[in-house]
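Colleague: If you scroll down you'll find the structure; I have some questions about it.
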Amino acid sequence: MSILSGKNILLGITAGIAAYKTASLVRLFIKAGANVKVVMTPASKDFITPLTLSTLSKNPVHTSFTNEDEEDGVWNNHVELGLWANYFIIAPATANTMSKMANGVCDNLLLATYLSAKCPVYFAPAMDLDMYKHASTLASFKKLKSFNNIIIPATSGELASGLVGEGRMAEPKDIVSFLEKDILKKLPLRNKKVLLTAGPTYEAIDPVRFIGNHSSGKMGFELAKAAANLGAEVILITGPTHQKVTHALIQVIPVVSAQEMYDAAHLHFKDVDIAILSAAVADYKPKKAATQKIKKKDTTLTLELEKTKDILASLGEIKEKQFLVGFALETNNELENAKGKLKKKNLNLIVLNSLNDKGAGFKKETNKVTLIDAKECVTEYALKSKTEVAIDIFNQIIKQIHA
Ligand code: CTP
Numbered sequence: 003m004s005i006l007s008g009k010n011i012l013l014g015i016t017a018g019i020a021a022y023k024t025a026s027l028v029r030l031f032i033k034a035g036a037n038v039k040v041v042m043t044p045a046s047k048d049f050i051t052p053l054t055l056s057t058l059s060k061n062p063v064h065t066s067f068t069n070e071d072e073e074d075g076v077w078n079n080h081v082e083l084g085l086w087a088n089y090f091i092i093a094p095a096t097a098n099t100m101s102k103m104a105n106g107v108c109d110n111l112l113l114a115t116y117l118s119a120k121c122p123v124y125f126a127p128a129m130d131l132d133m134y135k136h137a138s139t140l141a142s143f144k145k146l147k148s149f150n151n152i153i154i155p156a157t158s159g160e161l162a163s164g165l166v167g168e169g170r171m172a173e174p175k176d177i178v179s180f181l182e183k184d185i186l187k188k189l190p191l192r193n194k195k196v197l198l199t200a201g202p203t204y205e206a207i208d209p210v211r212f213i214g215n216h217s218s219g220k221m222g223f224e225l226a227k228a229a230a231n232l233g234a235e236v237i238l239i240t241g242p243t244h245q246k247v248t249h250a251l252i253q254v255i256p257v258v259s260a261q262e263m264y265d266a267a268h269l270h271f272k273d274v275d276i277a278i279l280s281a282a283v284a285d286y287k288p289k290k291a292a293t294q295k296i297k298k299k300d301t302t303l304t305l306e307l308e309k310t311k312d313i314l315a316s317l318g319e320i321k322e323k324q325f326l327v328g329f330a331l332e333t334n335n336e337l338e339n340a341k342g343k344l345k346k347k348n349l350n351l352i353v354l355n356s357l358n359d360k361g362a363g364f365k366k367e368t369n370k371v372t373l374i375d376a377k378e379c380v381t382e383y384a385l386k387s388k389t390e391v392a393i394d395i396f397n398q399i400i401k402q403i404h405a
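Using the numbering used here, the letters of the sequence shown correspond one by one to residues 3 to 405.
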């Protein structure tokens, strides 16, 4: 799966003959699983039609500040476009547009979007060889690089003028792989291994019955996705859930009981950099699971339960370089109890869920967490989707690792 999958890519097209290649570029981005929007300079419409690009990108193409086709003149919001984008790629980037970008000129929608965009900006120059070598063009490159814009270098070859030299826009497939490599290289959890536990555990009473709980596994799966999107290799040990995930960087290890989860976690722990234990592990299990189905002979049935092994605490005891994160679900004295668990289980960070918070906890799409680090520094977060909470947790981990 491409790292571009699910990403929002804004393609800016300027008026160079290489604009005809952007039809393939849009196709390749879509094939990689990205969402694509296109913004064009007015003059670039002479080289490729907005209709071609809107058909391929499955989104309207914007070429001016107002939508000329609409009688009421709908305003195209450059700020929104800029904020929507995860990556802004200007290809082809002409000498004219680059010079304007370098000097803050803002006389078309593409340039206004460029000035509003907060995301990484890539530009793929395309022009004739003498223009490419001109001191003015080189000055634009230098200035744009100083703005942290990333150049996708032009290649050498036959140019539209018939001359041969440097100035040909990188081929669409090379633009895509340049982007993929550059993004991967900069991911904060690249070359890191993350171990996660998720979901409930089932403790057998007999061959057909078990002691379980209502954990959906959603939080753990969102953590796995967030880690993989940040470039980590993920080992996701999960109890029985309906959650699904397919990602090249995520290895799913299904388990059923607390003992199986314990064994799998210990097997992998020594190789990982970060371990987050979000599973709702059963604290007790039947002392002896019946080998045959228990018949309903008596009016009462007594099960003798014994404690399961505390996976988190056991990893805390053997941890070396690993950054260890636990969860605490509390109903009262929340902060105090969570801080107690942080110390007792030798953790680097604890994620506190309070059952008193509406929208937090089991089977919910949302969660409200408080993070407490090893120095007992407390950070409270608002109620958010579990996807966003997972990102908050990793941002905090990354901050702590680099502290
Ligand atoms: N945990 C674990 N193995 C267990 C029990 C819990 O790894 N057998 C982990 C959970 O995944 C979670 C953390 O421990 O990250 C907190 O679990 P919790 O049940 O809240 O804490 P306990 O220490 O079991 O204390 P109590 O139930 O008394 O609140």
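Glycine included, C-beta positions come from ideal geometry on N, C-alpha and C. The model shown is predicted, which means the values in this text are computed figures rather than measured ones.
1. Just the Cα atoms here: how many angstroms apart are Ala97 and Lys194?
2. Helix, strand or coil, according to DSSP, for Ala284 in the structure here?
3. For Leu238, does the count of other Cβ atoms within 10 angstroms reach 16, so buried, or fall short, so exposed?
4. Over what stretch of residues does the beta strand (DSSP E) that includes Pro256 continue unbroken?
5. Using three-state DSSP, classify Thr99 as helix, strand or coil.
6. What's the call for Phe329, buried or exposed, on a 16-neighbour Cβ count within 10 Å?
7. So is Val380 in contact with chain C if we call contact Cβ pairs under 7 Å?
8. By the 10 Å Cβ neighbour count, where 16 or more other Cβ atoms means buried, how is Glu382 classified, buried or exposed?
9. Decide if Ser138 is buried, meaning its Cβ has at least 16 other Cβ atoms within 10 Å, or exposed.
10. Cβ of Asp184 within 6 Å of any heavy atom in the ligand CTP?
11. Does the beta-carbon of Ala281, which I'm using as the reference point, lie nearer than 6 Å to any heavy atom of the ligand CTP?
12. First and last residue of the alpha helix (DSSP H) that includes Pro174?
13. What's the call for His423, buried or exposed, on a 16-neighbour Cβ count within 10 Å?
14. Taking the continuous beta strand (DSSP E) assigned at Val380, which residues delimit it?
15. Please list the terminal residues of the continuous beta strand (DSSP E) segment that includes Ser158.
16. Please identify the residue among Asn369, Ala384, Ala315, Ile19 whose C-alpha is closest to the C-alpha of Ala407.
17. Please tell me whether Met171 and Ala128 are closer than 7 Å, where the distance is taken between their beta carbons.
18. State yes or no: is the C-beta of Asp359 nearer than 6 Å to some heavy atom of the ligand CTP?
19. In whole angstroms, what separates the C-alpha of Ala405 from that of Pro190?
20. Less than 7 Å between C-beta atoms, sequence neighbours within five positions excluded: which residues of the same chain meet that for Leu307?
21. Start and end of the beta strand (DSSP E) containing Arg192?
22. Cβ-heavy atom distance between Gly219 and the ligand CTP below 6 Å?
23. Please determine whether the Cβ atom of Asp265 lies at a distance below 6 Å from any heavy atom of the ligand CTP.
24. Just tell me which of Ala267, Gln261, Ala260 has its CA closest to the CA of Val236.
25. On the DSSP bridge assignment, give the partners of Tyr124 in chain order.
26. Rounding to the nearest angstrom, what Cα-Cα distance links Ala260 and Lys299 in this structure?
Modeller: The relevant details are as follows:
1. Position 95 of the sequence shown, counted from the start, is the residue given in the question as residue 97. Position 192 of the sequence shown, counted from the start, is the residue given in the question as residue 194. Their Cα atoms are separated by approximately 40 Å.
2. Here residue 284 is taken as the residue at index 282 of the sequence shown, counted from 1. Ala284: coil per DSSP, three-state reduction.
3. Position 236 of the sequence shown, counting from 1, holds the residue named residue 238. Leu238 should be labelled buried.
4. The residue labelled residue 256 in the question sits at position 254 within the sequence shown. Per DSSP, Pro256 belongs to the beta strand (DSSP E) from 252-256.
5. Taking the first residue of the sequence shown as position 1, residue 99 is located at position 97. Helix.
6. Translated into positions along the sequence shown, residue 329 becomes position 327. With 16 or more other Cβ atoms within 10 Å, it is buried.
7. Absence of chain C from the displayed structure is noted, only one protein chain being present.
8. Counted from its first residue, the sequence shown places residue 382 at position 380. Per the 10 Å Cβ criterion, exposed.
9. If you number the sequence shown from 1, residue 138 lands on position 136. When all chains shown are included, Ser138 counts as exposed.
10. Here the question's residue 184 lines up with position 182 in the sequence shown. Flag unset: Cβ of Asp184 not near the ligand CTP.
11. Within the sequence shown, numbered from 1, the residue matching residue 281 stands at position 279. Yes, the beta carbon of Ala281 sits closer than 6 Å to at least one heavy atom of the ligand CTP.
12. Walking along the sequence shown from the start, residue 174 turns up at place 172. Where Pro174 is concerned, the enclosing alpha helix (DSSP H) stretches over 174-188.
13. Past the boundaries of the shown model lies residue 423; the chain is included only from 3 to 405, so the question cannot be answered.
14. One-based indexing of the sequence shown puts residue 380 at position 378. It spans 380-382 - the beta strand (DSSP E) in which Val380 sits, taken as one unbroken run.
15. Residue 158 sits at position 156 when you count from the first residue of the sequence shown. First-last of the beta strand (DSSP E) with Ser158: 157-160.
16. For residue 407 there is no data in the structure shown, the boundaries of the chain being 3 and 405.
17. Taking the first residue of the sequence shown as position 1, residue 171 is located at position 169. Taking the first residue of the sequence shown as position 1, residue 128 is located at position 126. Yes; because the gap between Cβ atoms is below 7 Å, this pair is in contact.
18. For this step, residue 359 is matched to residue 357 along the sequence shown. Result no, Cβ not under 6 Å from the ligand CTP.
19. Taking the first residue of the sequence shown as position 1, residue 405 is located at position 403. Taking the first residue of the sequence shown as position 1, residue 190 is located at position 188. Going from the Cα of Ala405 to the Cα of Pro190 covers about 14 Å.
20. In the sequence shown, residue 307 corresponds to position 305, counting from 1. These residues qualify, in order along the chain: Tyr286, Lys287, Pro288, Lys289.
21. In the sequence shown, the residue the question calls residue 192 occupies position 190. It is not in any beta strand (DSSP E) - Arg192 carries neither H nor E in the DSSP assignment.
22. Taking the first residue of the sequence shown as position 1, residue 219 is located at position 217. Gly219 Cβ: outside cutoff for every heavy atom of the ligand CTP.
23. Within the sequence shown, the letter at position 263 stands for residue 265. The answer is no for Asp265.
24. On the sequence shown, residue 236 is found 234 positions in, with the first residue counted as 1. Of the candidates Ala267, Gln261, Ala260, the one whose C-alpha sits nearest the C-alpha of Val236 is Ala267.
25. On the sequence shown, residue 124 is found 122 positions in, with the first residue counted as 1. Looking at the DSSP assignment, Tyr124 forms a beta bridge with Ile91, Ile152.
26. Your numbering for residue 260 matches position 258 in the sequence shown. Your numbering for residue 299 matches position 297 in the sequence shown. The straight-line gap from Cα to Cα measures roughly 29 Å.
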